[in-house]
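Undergrad:
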Amino acid sequence: MTADSRIDSCQALARDIRQSVVKMVHRAQSAHVGSSLSMADLLAALYGGGIIRLDPKRLDDPSRDRFILSKGHASAGLYSTLALKGFFPKEWLDSFYQNGGKLSGHVSYPGVPGIEFSSGSLGHGLSVACGMALASKKDGLTGRVFAMLSDGECDEGSIWEAALFAPHHKLDNLVVLLDYNKIQSLGHVKDVLDLEPLGKKWESFGWAVREIDGHNMSEILGALSALPFTTGRPSCVVAHTVKGKGVSFMEDKLLWHYRNPTADDVTKALAEIGGAA
Amino acid sequence: MRTAFFKTLEDLAEKDPRITFITGDLGFSVVETYARRFPKQFLNAGVAEANMTGVAVGLALSGKIVFTYSIGNFPTLRCLEQIRNDACYHRANVNVVSVGGGLSYGALGSSHHATEDLAIFRVLPEMTVVAPSDPVESALATRAIVQHPGPCFLRLGKAGEPTLHDPAVSFTLGKSIRIRDGADVTLIGTGPIVATCLQAADRLAEKGLSTRVISMHTLKPLDREAILMAAQETSAILTVEEHSEIGGLGGAVAEVLAQSDGPRVPFRIVGLPDRFCRVVGNHDYLKQISGLTVQDIVREAGRLIGQKV
């Protein structure tokens, strides 16, 4: 695959993820559409760009790469990605939030192939990712661990406990993908509890940091293909993103952390996202 | 008890490289031998219990048998949500070890008194709750929880607890140990306070009363059978715990008795009153002012069976 076609195919996957997310959230009448849309390009690169070494047919391979969605409320995005990449049947997406369904509002393990860890309460995922990365090192395995964090969850003290831990133990098989969409539950991050300078904070804790445009597929693939950024250090990708990215009327709007799209909204959103559904 | 725990863990770690011990930067003069012998199976997570617990879960989900260790409420309440969501929900093989159950840390103050942990851990789904009474039970409980696949809470005393059992005593999680038999009253204790129950039984014997003494080392799963048998075969049941009188051993036994179709027996809970222990004093002193002495148990037992003792 040429660099350009790789970018094209990841962009196509990102469109499919976004379409699926909007439809799922509408069907489920659920929240958090904006949080799924902001990380769609990162997931598309990870799963569609040949970055994560994870075979849906060999999910018990101890050497596999692992992905943890610490921002578990963005479940529609991850479920869509996994279904599109063949981890489980796409029909499962219809059961999102449904009584007796397979897919709960926050990602859930076990029972959903490709989900390594259940989240929902913020600030838990990175520590567990540290444990998995450490186990991988101790056992001499090549598996890496990717943890997708939200900006809001960086308010949690436990994130910074883990941020201290990983560099101390030289976990260069650990990667934080920080979906820095600048909006948290009740407002803009800079107004609620300012995280700036966020990249420098991670750097000062001992992480090798790259700040990228989290919607520029070439930049995303460039960063994820250069892991670890520094041997002996965990990597942190601070991805500057836009909440609700891809649907103009959802972009950078707090409302779309919560609102579920109407049928009209869905039609408009799908048209804007484009691509095959 | 601490020593028995570490001695056993060292024996087990030697044979099983999956065993991994993580401390929250505590255990001066007790963790060193383990750390020296098994550097690859040892980790000091620093003073960061939430992360310690999360790391433990990550290791456990990768096939390790993990112990998290600290004192008092630090490895338990400080990181309770990590224990609930990460360890319990995922049925992770994480064994939470707390040293200094109850008022062991005496004059260090309320921050160091672990007096609500049994109640809190007992309601966590998937959690096994173990509070050994002596060094023998501690060693056997350590072996048992290594065999047990899900999350466990091991509540230890501190040091210097008397040995109550023969090392060959039979130990199974969820199956209490009847240390002494009697018909007038049953004392059910959990943790090192069982030693005080035995002394109370001696005192009651001097007064012509025969006492059954049970070490309820596992609070969850609870040995319902032993409780119902005591209700059938003895005239009264008194539970004794170095823990709040709310929700711990007494609460657990009351739940069984209240829902049983068997005979009703007089029942009472001896535990710590529902307040912080704000008085300064050593372990014995605090137990004394909290109503956890031999005399207190003897008095309550007598009251329960309607005899002045």
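So the sequences go chain by chain: V and W. In this text, residue positions in the first sequence follow the numbering used here: the first is 1, and each later residue adds one. In this text, residue positions in the second sequence follow the numbering used here: the first is 1001, and each later residue adds one. The beta-carbon is built from N, C-alpha and C at its ideal position, and this holds for glycine as well. Quick caveat: nothing in here was measured; it's all calculated off a predicted structure.
(1) Under a three-way DSSP split, which group does residue 1196 of chain W fall into?
(2) Would you mind sorting residue 1003 of chain W into buried or exposed? The rule is 16 or more other CB atoms within 10 Å of its CB.
(3) DSSP state of residue 1069 of chain W, grouped into three classes?
(4) Determine the direct distance from the alpha carbon of residue 203 of chain V to that of residue 1 of chain V, and round the result to whole angstroms.
(5) Alpha carbon to alpha carbon, what distance is there between residue 1063 of chain W and residue 68 of chain V?
(6) According to the neighbour-count rule (16 or more other Cβ atoms, all chains shown, within 10 Å of its Cβ), is residue 211 of chain V buried or exposed?
(7) Apart from the five residues on each side of it in sequence, which residues of its chain come closer than 7 Å, Cβ to Cβ, to residue 1322 of chain W?
(8) With distance defined between alpha-carbon atoms, name the residue in W:1232, W:1067, W:1106, W:1073 nearest to residue 1010 of chain W.
(9) Using C-beta distances below 8 Å, list every residue in its chain close to residue 35 of chain V, excluding the 5 sequence neighbours before and after it, in chain order.
(10) Check the Cβ of residue 34 of chain V against every Cβ in chain W and list those closer than 8 Å, keeping chain order.
(11) Residues of the segment 1010-1031 of chain W with a CB closer than 7 Å to any CB of chain V: list them in chain order, please.
(12) Going straight from the alpha carbon of residue 5 of chain V to that of residue 1097 of chain W, what length do you get?
(13) Report yes if the C-beta distance between residue 1091 of chain W and residue 1252 of chain W is below 8 Å; otherwise report no.
(14) Compare the C-alpha of residue 1075 of chain W against each of W:1085, W:1235, W:1051 and name the closest.
(15) Just to confirm my understanding: we take residue 1276 of chain W, look at its own chain, exclude 5 residues before and 5 after, and list those with CB closer than 7 Å. What are they?
(16) Cutting at 8 Å between CB atoms, please list the residues of its own chain near residue 103 of chain V, excluding the five before and the five after it.
(17) What would DSSP say about residue 277 of chain V, mapped onto helix, strand or coil?
(18) How about residue 1222 of chain W: is its C-beta nearer than 8 Å to some C-beta of chain V?
(19) Using 8 Å as the threshold, is the C-beta distance between residue 1117 of chain W and residue 1178 of chain W below it?
(20) Quick check on the DSSP output: the beta strand (DSSP E) that includes residue 1246 of chain W runs from which residue to which?
(21) Residue 241 of chain V by DSSP, collapsed to three states: which one?
(22) Restricting to Cα atoms, I'd like to know which of V:263, V:205, V:240 is closest to residue 252 of chain V.
(23) Can you tell me which residues form a DSSP beta bridge with residue 1212 of chain W?
(24) Could you check if residue 1185 of chain W is buried or exposed, using at least 16 other CB atoms within 10 Å of its CB as the buried criterion?
(25) How far does the beta strand (DSSP E) with residue 1130 of chain W in it extend, from its first residue to its last?
(26) Name, please, each residue of chain V whose Cβ falls closer than 8 Å to the Cβ of residue 1089 of chain W.
(27) Check whether the Cβ atoms of residue 1219 of chain W and residue 1164 of chain W lie closer than 8 Å to each other.
(28) Give me the DSSP bridge partner(s) of residue 154 of chain V.
(29) Run through chain W and tell me which residues come within less than 8 Å of residue 54 of chain V, C-beta to C-beta.
(30) Tell me whether residue 249 of chain V is buried or exposed, calling it buried when 16 or more other Cβ atoms sit within 10 Å of its Cβ.
(31) Let's see if you can read the secondary structure: which residues bound the beta strand (DSSP E) around residue 208 of chain V?
(32) What does residue 128 of chain V touch in chain W if you count any residue whose Cβ is under 8 Å from its own?
(33) Return no unless some Cβ of chain W is closer than 8 Å to the Cβ of residue 24 of chain V.
(34) By how many angstroms is the C-alpha of residue 12 of chain V removed from the C-alpha of residue 277 of chain V?
(35) Leaving out five residues on either side along the sequence, give the residues of the same chain with a beta carbon under 8 Å from the beta carbon of residue 1030 of chain W.
(36) Any chance you could list the alpha helix (DSSP H) runs of at least 4 consecutive residues sitting entirely within the segment 129-200 of chain V, in chain order?
TA: For this structure:
(1) Residue 1196 of chain W sits at position 196 when you count from the first residue of the second sequence. Looking at residue 1196 of chain W - three-state DSSP - the assignment turns out to be helix.
(2) Sequence index remark: in the second sequence, residue 1003 of chain W carries index 3 (1-based). Exposed: under 16 other Cβ atoms inside 10 Å.
(3) In the second sequence, the residue the question calls residue 1069 of chain W occupies position 69. Strand, per DSSP.
(4) Residue numbering aside, residue 1 of chain V sits at position 1 when the first sequence is read from its first letter. Residue numbering aside, residue 203 of chain V sits at position 203 when the first sequence is read from its first letter. Whole-angstrom Cα-Cα distance: 34 Å.
(5) The residue you call residue 68 of chain V lines up with position 68 of the first sequence. The residue you call residue 1063 of chain W lines up with position 63 of the second sequence. Those two C-alpha atoms are separated by around 17 Å.
(6) Walking along the first sequence from the start, residue 211 of chain V turns up at place 211. Residue 211 of chain V comes out buried.
(7) What is shown of chain W runs 1001 to 1309, which leaves residue 1322 of chain W out entirely.
(8) As a first step, residue 1010 of chain W is located in the second sequence; it is residue number 10 there, counting from the start. The candidate whose alpha carbon is nearest that of residue 1010 of chain W is W:1067.
(9) Taking the first residue of the first sequence as position 1, residue 35 of chain V is located at position 35. Cβ within range, chain order: 71, 73, 74, 77, 150, 179, 181, 243, 257.
(10) Walking along the first sequence from the start, residue 34 of chain V turns up at place 34. Correct list: empty, because the minimum Cβ distance to chain W is about 24 Å.
(11) none
(12) For the purposes of this step, residue 5 of chain V is identified with residue 5 of the first sequence, where counting begins at 1. For the purposes of this step, residue 1097 of chain W is identified with residue 97 of the second sequence, where counting begins at 1. Near 54 Å, if we compare the C-alpha coordinates of residue 1097 of chain W and residue 5 of chain V.
(13) Position 91 of the second sequence holds residue 1091 of chain W. Position 252 of the second sequence holds residue 1252 of chain W. No.
(14) Within the second sequence, numbered from 1, the residue matching residue 1075 of chain W stands at position 75. Of the listed residues, the one whose Cα sits closest to residue 1075 of chain W is W:1051.
(15) Working through the second sequence from its first residue, we reach residue 1276 of chain W at position 276. Excluding sequence neighbours, residue 1276 of chain W sits near 1110.
(16) Here the question's residue 103 of chain V lines up with position 103 in the first sequence. Excluding sequence neighbours, residue 103 of chain V sits near 75, 79, 92, 93, 95, 96, 97, 112.
(17) For this step, residue 277 of chain V is matched to residue 277 along the first sequence. A caution first: residue 277 of chain V carries a pLDDT of 43, below 50, which makes its placement in the model unreliable, though a value can still be read off. Coil at residue 277 of chain V, not helix or strand.
(18) Along the second sequence, one-based indexing puts residue 1222 of chain W at 222. No, residue 1222 of chain W does not count as interfacial toward chain V.
(19) Indexing the second sequence from 1 puts residue 1117 of chain W at position 117. Indexing the second sequence from 1 puts residue 1178 of chain W at position 178. Against a cut-off of 8 Å, the Cβ pair of residue 1178 of chain W and residue 1117 of chain W comes out as no contact.
(20) Translated into positions along the second sequence, residue 1246 of chain W becomes position 246. Here residue 1246 of chain W belongs to no beta strand (DSSP E), and DSSP marks it neither H nor E.
(21) In the first sequence, the residue the question calls residue 241 of chain V occupies position 241. Residue state, collapsed to three classes: coil.
(22) On the first sequence, position 252 is the one that residue 252 of chain V refers to. Among V:263, V:205, V:240, the Cα nearest to that of residue 252 of chain V belongs to V:240.
(23) Your numbering for residue 1212 of chain W matches position 212 in the second sequence. Paired residue(s): W:1186.
(24) For the purposes of this step, residue 1185 of chain W is identified with residue 185 of the second sequence, where counting begins at 1. It is buried - the Cβ of residue 1185 of chain W has at least 16 other Cβ atoms within 10 Å.
(25) Taking the second sequence and counting its residues from 1, the one referred to as residue 1130 of chain W is at position 130. Looking at the DSSP string, the run of the beta strand (DSSP E) that includes residue 1130 of chain W is 1128-1130.
(26) Here the question's residue 1089 of chain W lines up with position 89 in the second sequence. Per Cβ cutoff of 8 Å: 118.
(27) For this step, residue 1219 of chain W is matched to residue 219 along the second sequence. For this step, residue 1164 of chain W is matched to residue 164 along the second sequence. Not in contact: residue 1219 of chain W and residue 1164 of chain W (Cβ atoms no closer than 8 Å).
(28) Taking the first residue of the first sequence as position 1, residue 154 of chain V is located at position 154. Per DSSP, none; premise fails for residue 154 of chain V.
(29) The residue labelled residue 54 of chain V in the question sits at position 54 within the first sequence. Those within 8 Å of residue 54 of chain V in chain W number zero; the least Cβ separation is about 15 Å.
(30) Along the first sequence, read from residue 1 onward, the residue named residue 249 of chain V stands at position 249. Classification for residue 249 of chain V: exposed.
(31) Taking the first residue of the first sequence as position 1, residue 208 of chain V is located at position 208. Per DSSP, residue 208 of chain V belongs to the beta strand (DSSP E) from 208-213.
(32) Residue numbering aside, residue 128 of chain V sits at position 128 when the first sequence is read from its first letter. Result: 1054, 1055, 1057, 1058, 1061, 1086.
(33) Walking along the first sequence from the start, residue 24 of chain V turns up at place 24. Not closer than 8 Å to any Cβ of chain W, the Cβ of residue 24 of chain V fails to qualify, so no.
(34) As a first step, residue 277 of chain V is located in the first sequence; it is residue number 277 there, counting from the start. As a first step, residue 12 of chain V is located in the first sequence; it is residue number 12 there, counting from the start. Per-residue confidence for residue 277 of chain V stands at a pLDDT of 43, beneath the threshold of 50, marking its modelled position as unreliable; no derived number is given.
(35) Within the second sequence, the letter at position 30 stands for residue 1030 of chain W. Excluding sequence neighbours, residue 1030 of chain W sits near 1002, 1003, 1006.
(36) 157-168, 189-192
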